[in-house]
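First to last, the protein sequences are chains A and B.
The opening residue of the first sequence carries number 1194 in this note's numbering; numbering runs sequentially from there.
The opening residue of the second sequence carries number 16 in this note's numbering; numbering runs sequentially from there.
Scroll down for the structure; my scribbles are underneath it.
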Amino acid sequence: GAGVSQSPSNKVTEKGKDVELRCDPISGHTALYWYRQSLGQGLEFLIYFQGNSAPDKSGLPSDRFSAERTGGSVSTLTIQRTQQEDSAVYLCASSTSGALLETQYFGPGTRLLVL
Amino acid sequence: KQEVTQIPAALSVPEGENLVLNCSFTDSAIYNLQWFRQDPGKGLTSLLLIQSSQREQTSGRLNASLDKSSGRSTLYIAASQPGDSATYLCAGCSGNTPLVFGKGTRLSVIA
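The structure is reproduced here in structure tokens:
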């Protein structure tokens, strides 16, 4: 069956521009997560959506980062006024209900390069 | 705050060798510990998930253990193959926090 998909797979942008990254979770999964993987660093949690609950935004590094999840399915991560330190691979994951004991299924990621 | 550390950062072994990857975590109140595999340019693939009530999980040539008291988990790979070459990540979940990942161990299995 279809897994988690992300688009674009690669994005090159200029410093100061806004970017939008898209995530399509596995159909029926109510929980959706965004992570960032910077060069030489581990995966860093950014934001978590579960059903209709308010998202957990505790991992967002600055107010330039925001995310939405429309209709409980597709999610968009927006980075405003991009900086070079935003360059990283942005990974999305989904799970059935967001319970702590569940496996998360990851997409292939979007590789962002800010020049 | 949960912190996860993986040692070594990189490991190179000859084909056929058995090997152990190490993961340590600071918060023993852990709900689960997961091991993932990441291939270059690709996302993560879940390998094994150990719940806090369990001590180990096995899948094929892989065996993962969890010792909450010592804050350690190991991933044992038997009879390694070149196709096992990848970065292996461990991640812990405690309280209501999402997964906290280590930086990974980059494994190379040489034919």
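Here a beta-carbon is modelled for each residue, glycine too, at the ideal position from N, C-alpha and C.
Terminal residues of the beta strand (DSSP E) in which residue i lies
i, result
"T1275/A", "Counting along the chain, T1275/A falls outside any beta strand (DSSP E), and DSSP gives it neither H nor E."
Residue i, buried or exposed, once every other Cβ within 10 Å from all chains shown has been counted against 16
i, result
"V115/B", "buried"
"D54/B", "exposed"
"R70/B", "exposed"
Residue i versus residue j - alpha carbon distance
i, j, result
"T89/B", "L64/B", "12 Å"
"N1245/A", "S123/B", "43 Å"
"S1266/A", "E30/B", "43 Å"
"A79/B", "S1268/A", "33 Å"
"Q1276/A", "W1227/A", "19 Å"
"A25/B", "K57/B", "18 Å"
"A44/B", "K83/B", "8 Å"
"A1224/A", "Y91/B", "30 Å"
"Y1298/A", "S1220/A", "12 Å"
"L1270/A", "P113/B", "18 Å"
Cutoff 8 Å: residue i Cβ touching any chain B Cβ
i, result
"T1296/A", "yes"
"P1254/A", "no"
"F1299/A", "yes"
"Y1283/A", "no"
"L1236/A", "yes"
Neighbour flag for residue i against chain A, beta carbons, 8 Å
i, result
"S61/B", "yes"
"F116/B", "yes"
"L122/B", "no"
"G75/B", "no"
"K57/B", "yes"
Residue i CB to nearest heavy atom of the ligand COA below 7 Å
i, result
"V28/B", "The ligand COA is not among the ligands present in this structure, which contains no ligands whatsoever."
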